[in-house]
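Under our numbering, the first residue of the sequence shown is numbered 100, with each subsequent residue one higher.
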Amino acid sequence: MKKKLLSIGLTAILTIVGASSALAVPGDSTAVTALPNASDQTRGIAGADTNGKITLQSRGSSSAYLWESCPGNGKRMVDLSTSSSKTEDSSVVYMKTGCTYYGYVTSNSSSSATLYLRNYN
C-alpha cells in the first residue's frame, strides 16, 4: 500500500512539474529599467525554437544588447540604441530551445532606459 501511494505521489509531482515547465515556453517575457546613467539586466528567459523580440525604449541616449547562453557556448546577438531623436529600437531574433537569453541595458543620459525581452513575436 505504501509503495502504491508513493508511486501515485511521485506521478502527481512529476505531472505538475512537467506541466508548469511546458507552460513556461513559449510565452515568457521580462523587462528591466535602468536608472539614469546606470546599467541593469533582465532575468533569463528560455528559448522556444521560435522568433522572440527585444525592444529598447528611452527618451535619451541608451544602449542594450541580447546575450544568448547555450550549453558550452555564449554569444552577443543583437545591439540596440536610442538617442534624443530615436526613442525606440527593436529586433526580432530566433531563440533556440535549450538556450537562455538575457538582455543588458545601459542609460547614457539623464533619462531612464527600459528593455523588454520576450521569447515570442
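We put the CB at the ideal spot given by N, CA and C, even for glycine.
These numbers come from a predicted model, not from an experiment.
Worksheet item: Where does L134 fall in DSSP's three states?
Response: coil
Worksheet item: Beta-carbon separation of S128 and Y215 under 8 Å?
Response: yes
Worksheet item: Could you give the C-beta distance for T181 and S157, rounded to a whole number, given that I count them as a contact under 8 Å?
Response: 4 Å
Item to complete: Taking the CB atoms as reference points, tell me whether G202 and I153 lie closer together than 8 Å.
Response: yes
Discussion item. Helix, strand or coil for D188? Go by DSSP, reduced to three states.
Written reply: strand
Fill in: Candidates A212, E167, A147 and T205: closest to T186 by CA position
A212
Item to complete: Helix, strand or coil for N207, going by three-state DSSP, please let me know.
Response: coil
Practice prompt. Please confirm whether S88 and V204 have their CB atoms less than 8 Å apart.
Written response: The question about residue 88 has no answer here: the residues shown for the chain are numbered 100 through 220.
Discussion item. Can you tell me which residues form a DSSP beta bridge with M194?
Written reply: T149
Item to complete: Decide if L165 is buried, meaning its Cβ has at least 16 other Cβ atoms within 10 Å, or exposed.
Response: buried
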